[in-house]
Structure formats: C-alpha cells, structure tokens
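Keeping their order, the protein sequence lines are chains A and B. Residue numbers for the first sequence follow my numbering, beginning at 1 and rising by one. Residue numbers for the second sequence follow my numbering, beginning at 203 and rising by one. Beta carbons are placed, not taken as given, at the ideal position from N, Cα and C, and that holds for glycine. Just so we're clear, the structure is a prediction, and the values are computed from it rather than from any experiment. Everything below concerns the one structure shown next.
There are 2 protein chains.
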Amino acid sequence: MNEPRYQRRKEDRPQEITDAAYSVFAEKGYAAARVEEVAKRAGVSKGLMYLYFRTKEELFKAVVKNVVIRRLDTLLNTLETTELSSEEFLRGPLLDFMKQVPGSPIAIVIRLLIAEGQRHPDLVDYYWNHVVNKGLTAISRFIRRGVERGEFRETAVSDLPQVVLAPMMLAMIWRLIFAKRELDVERLMDTQIDMIIAYIKA
Amino acid sequence: MNEPRYQRRKEDRPQEITDAAYSVFAEKGYAAARVEEVAKRAGVSKGLMYLYFRTKEELFKAVVKNVVIRRLDTLLNTLETTELSSEEFLRGPLLDFMKQVPGSPIAIVIRLLIAEGQRHPDLVDYYWNHVVNKGLTAISRFIRRGVERGEFRETAVSDLPQVVLAPMMLAMIWRLIFAKRELDVERLMDTQIDMIIAYIKA
DNA sequence: ACTCTTGCTGACCGAGAAGTCAGTAATTAT
DNA sequence: ATAATTACTGACTTCTCGGTCAGCAAGAGT
Chain A
1 MNEPRYQRRK
11 EDRPQEITDA
21 AYSVFAEKGY
31 AAARVEEVAK
41 RAGVSKGLMY
51 LYFRTKEELF
61 KAVVKNVVIR
71 RLDTLLNTLE
81 TTELSSEEFL
91 RGPLLDFMKQ
101 VPGSPIAIVI
111 RLLIAEGQRH
121 PDLVDYYWNH
131 VVNKGLTAIS
141 RFIRRGVERG
151 EFRETAVSDL
161 PQVVLAPMML
171 AMIWRLIFAK
181 RELDVERLMD
191 TQIDMIIAYI
201 KA
Chain B
203 MNEPRYQRRK
213 EDRPQEITDA
223 AYSVFAEKGY
233 AAARVEEVAK
243 RAGVSKGLMY
253 LYFRTKEELF
263 KAVVKNVVIR
273 RLDTLLNTLE
283 TTELSSEEFL
293 RGPLLDFMKQ
303 VPGSPIAIVI
313 RLLIAEGQRH
323 PDLVDYYWNH
333 VVNKGLTAIS
343 RFIRRGVERG
353 EFRETAVSDL
363 PQVVLAPMML
373 AMIWRLIFAK
383 RELDVERLMD
393 TQIDMIIAYI
403 KA
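This is how it looks when you write it as structure tokens:
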C-alpha cells in the first residue's frame, strides 16, 4: 500500500546522473543547463546531486569523461583491430567512422569544449590525452604502415593525420550551427578520401 | 579645474560599446560575459548600455553583425576582384585568406555561434546569408570558372567548396580548443590545396 | 547668463539559480 | 522488534547579474 518514496541505489546514481546531465548539457550548453533540471531527469532531488558531485563544474567534467570515453572506446577498438590493406582501411572502416562522428555524442562534447574549454584547462588536457591524441596517432600509424608496405609514398599526410579528419570537423561544426541547411556529408568525405588516396598512392 | 565627468558622444558610443562587447565575448563567451564589464571597457555606465541596446541579446547580435561584417568585407572584396588563373588564385589569395582566418575575429564569432547559435536562430540566418553563403558561392564560382576555361575537370569540388575550406575549419577549432598544442597550419592547408589541384586539374 | 533638452550616471530592484542543511525514511545490524 | 546508520529530500539561504529609473549635468539654443 505505502510505496517507498525512493530507493537507495548508491551504485547506480553516478551513472544515471551523468547520463541525465549529458542530455541537459547537450540541449542547453553548460551555462544554461540547470542543476535542478538534471536532477529531475535523473529522478533524484537536487540535494542528492551535491552528494555525488561537489559542484556543477565537477558534474560537467564527469560528463565529458564518462559519457564520451565510454562511447568512443568501442569506435577506437574497431579502428585498431582491423587487418586490411591500408587503402581498404581508409575507404572502409575509417570512412564509416568519420561519417558517423558528426551525428554522435562526440560532436556534442566538442561543442561543450569549444564553448567552455577556456575555463577548464584540465578538462581539455584530459580530452586531448584520451581522445584526440589517441585518434590522431592511430591514423598516423596506419598511413605509415601503408608507406612501409610500399602502398603509399612519403607525404605530409604521414605527419598530418588532420588532413584526413578535416572534412569530419567541418561537417561537425556545420551540423552544430547550420543544422537545417543540408550538407552532403557522404559526398564530402568520399571526395576527401578519394583525393587523399590519389595523392599518396605510390 | 573642474573637469567634466563625462562627454556626450552619441555618435561614437555604439561602435565603442560594440568593440568592448566583442572583446568581452571573445574572452568569456556569451553567458559568462557581464554587461557591466562591457560598460567598464567601453568607459560608460551600465545604464547607458541599455539606452543603446535594449537587451544583452541585442548587444550580442550587434557584435556579430558589426564587428565581423566590417572585417570580413575587405577580405571578400580581394577575393572577388583578383584576376588570376584559377590555379594561381587557389594557391595565392585564397590560400592566404584561409591561413589568416583561424587567427582572426571570425574564429571567435564561430565559437559564439557554436555555443549560442541554438538560442538565436535569426542570428544564424544572418550569419549564413552574409558570411558563409557568400564565401562558399564565391569559391564555387572560381572553381567553375576554371572548369569552363578547361583548366580543371568536372568534379564534386565544383558543388562542394566545403572541401576547400575543411582544413581551415579544423585549424580554427584546433586553435579554439587546443591553443597550446601546435598544429602546422601552413603545411596543412598547403597540402590540402596541393591535393585539390592535383585532383581537379584537367 | 539662463533656460532647455537630453546624454548619461549609478544606486537600486527582483528573478532565478547554485549550493546548504536539518530532518526523514529506507535499509542494515543487533 | 528496535536501534543505528546513511542515502536521500526539499525548503531555504545567499549571491549574482540583467534590467530600471529618478535625477544630474553637459552642451545647445536663445
């Protein structure tokens, strides 16, 4: 008859709060996000928020760390474990990866970092170490492997994997700002990969 | 002896306030920017702010419109008026333009748009019409002129000037987030232009 | 010189949101 | 059953900041 008004679930709370916070930050950005709104979506009281995260800022950092890393690691794993020729790899898994990023939570986190990064240098460091650097290094490694195997010639692309990712960045920003105006993301990235392969092929 | 406490300068105020606002928004972003801080830098009282701009939001829009357009128009003009072969144009003025954007106020405005665009759709429209669309169209026109002249072959790049600008976007975001970590912007863009020309040359 | 107009000031107001804490009730220990 | 523990609640406090307005004084008009 008398249902308990709440359950104690110490273990699950951090994850649930973090997920709720992600969705609020994604919609509103950091500054406009209300801690009380996060509490509501997580199904807890405002007070409880402060038992798990000392401040709103700490909550923000937890979001970037948990949510993103969790979803990114699967992606990076497939990147590391495939065994294809370098060209097949560029045209297959890497291209697919690039196409899906602009619509993924990573794009949201990039927005938060662009907007708030200045005030959270340690968060930027963390993101650099655990996401960007990892990804760039992985791509570089593949290009270099292609060079070693004689598939590719030595070009600036070996040192600048950013060349590969540039259209992905543009597509991300495009969607964040100009969501409505359509951009042919597929064709954009296909073209870039075509161009790169033509350019570096031995 | 008795210096006047202030001067009346109705004409100059909007510009001065707008410039001050730009510098504060650039440093703090929209949400964290304080109207009083803008007033201080503009050398006026907080009250005066509201005689020239009805709300903080209107001030924000004025910044995007005035500051950016003013500085962008000179750039776009040189883009339109040069008379070089298409390849020379890509390797010369356009490349120079792309190299200087990531360090210019445009990058700052892009940050503001990414962070706050969701809540200011009309601002995004304005920026689209007066900056992005203009720029993209100008580039498309040049590529197509090259095709007509027989310098280039018909490729996706004719419809997707975004291919050209992609590394510029990456460099911009890179600097906004990872200011410290160096990125060889010159080499990145040189490579992209090299690649593109090799790809589209007839 | 003496109004008169109006550009300008700065103390003030009120909304709203981050963060607190005394108390409550779910769970565990005895 | 009863007591002890602690996860949890939500009303409250405090403070910040966008926006207001009554009055002041700079400069124009006469």
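- By the Cβ neighbour-count rule, Arg313(B) is buried, with 16 or more other Cβ atoms within 10 Å of its own.
- Spatial neighbours of Pro14(A) in its own chain (CB-CB distance under 6 Å, excluding positions within 5 residues in sequence) are listed in chain order as Tyr52.
- Listed in chain order, the positions of the region 348–367 of chain B with a beta carbon within less than 9 Å of a beta carbon of chain A are Thr357, Ala358, Val359, Asp361, Leu362, Gln364, Val365, Leu367.
- Close to Gln302(B), with beta-carbon spacing below 9 Å, lies no residue of chain A; the smallest spacing is near 17 Å.
- The C-alpha of Gln364(B) lies about 8 Å from the C-alpha of Pro167(A).
- Residue Gln320(B) holds the alpha-carbon nearest to the alpha-carbon of Trp174(A) among Gln209(B), Gln320(B), Phe299(B).
- The C-alpha of Leu84(A) lies about 11 Å from the C-alpha of Arg145(A).
- For the region 366–385 of chain B, the beta-carbon criterion of a distance under 9 Å to any beta-carbon of chain A is satisfied by Leu367, Ala368, Pro369, Met370, Met371, Leu372, Ala373, Met374, Ile375, Trp376, Leu378, Ile379, Phe380, Ala381, Lys382, Arg383, Leu385.
- The alpha-carbon of Lys248(B) is positioned some 56 Å away from that of Asp194(A).
- Residue pairing by DSSP places Phe152(A) opposite Lys201(A) in a beta bridge.
- DSSP places Val44(A) in the coil class of the three-state scheme, outside both helix and strand.
- Taking 9 Å as the cut-off between beta carbons, the residues of the region 230–243 of chain B near chain A are Lys230, Gly231, Tyr232, Ala233, Ala234, in sequence order.
- Taking a C-beta distance under 7 Å as the contact criterion, Val265(B) and Ala233(B) do not qualify as a contact pair.
- With fewer than 16 other Cβ atoms inside 10 Å of its own Cβ, Thr82(A) counts as exposed.
- If you draw a straight line from the Cα of Arg91(A) to the Cα of Met371(B), it comes to about 23 Å.
- For Tyr329(B), the enclosing alpha helix (DSSP H) covers residues 323–329.
- Approximately 6 Å separates the beta-carbon atoms of Thr280(B) and Pro295(B); this is inside 8 Å, confirming the contact.
- Taking a beta-carbon distance threshold of 7 Å, Ile341(B) does not count as an interface residue toward chain A.
- Secondary structure of Lys10(A) (DSSP, three-state): coil.
- Spatial neighbours of Glu353(B) in its own chain (CB-CB distance under 8 Å, excluding positions within 5 residues in sequence) are listed in chain order as Ser287, Ser288, Glu289, Lys403, Ala404.
- Linking Ile316(B) to Lys28(A) through their CA atoms gives a straight-line distance of about 12 Å.
- Assigned with DSSP and collapsed to three states, Lys180(A) falls in coil, not helix or strand.
- For Ile271(B), no chain A residue has a Cβ inside 8 Å of its Cβ, as the nearest lies near 17 Å away.
- Identification of chain B residues near Gly117(A) by a Cβ-Cβ cut-off of 8 Å yields Leu378, Ile379, ordered along the chain.
- Identification of residues in the region 183–201 of chain A having a C-beta nearer than 8 Å to some C-beta of chain B yields Leu183, Asp184, Arg187, Leu188, Asp190, Thr191, Gln192, Asp194, Met195, Ile196, Ala198, Tyr199, given in sequence order.
- When Cβ pairs closer than 8 Å are counted between the two stretches, the region 377–387 of chain B is seen to touch the region 118–138 of chain A, the count reaching three or more.
- The residues Val349, in chain order, have a CB closer than 7 Å to that of Glu356(B) in the same chain once the five nearest residues on each side in sequence are set aside.
- If you draw a 10 Å sphere on the C-beta of Thr55(A), you find fewer than 16 other C-beta atoms in it, and that means exposed.
- Rounded to whole angstroms, the separation of the alpha carbons of Thr220(B) and Leu261(B) is 7 Å.
- Annotation for Glu238(B): Lys248 place their beta carbon closer than 8 Å to its own, counting only its chain and skipping 5 residues before and after.
- Taken atom to atom, the span from the alpha-carbon of Ile341(B) to that of Val68(A) is near 36 Å.
- For chain A, none of the residues of the region 261–295 of chain B brings a beta carbon within less than 7 Å of one of its beta carbons.
- A straight-line Cα-Cα distance of about 32 Å links Arg187(A) and Thr276(B).
- Under the Cβ criterion of 7 Å, Leu250(B) is not counted among the residues facing chain A.
- Under the three-state reduction of DSSP output, Thr82(A) falls in the coil class, being neither helix nor strand.
- Using a CB distance cut-off of 7 Å, Arg313(B) counts as an interface residue toward chain A.
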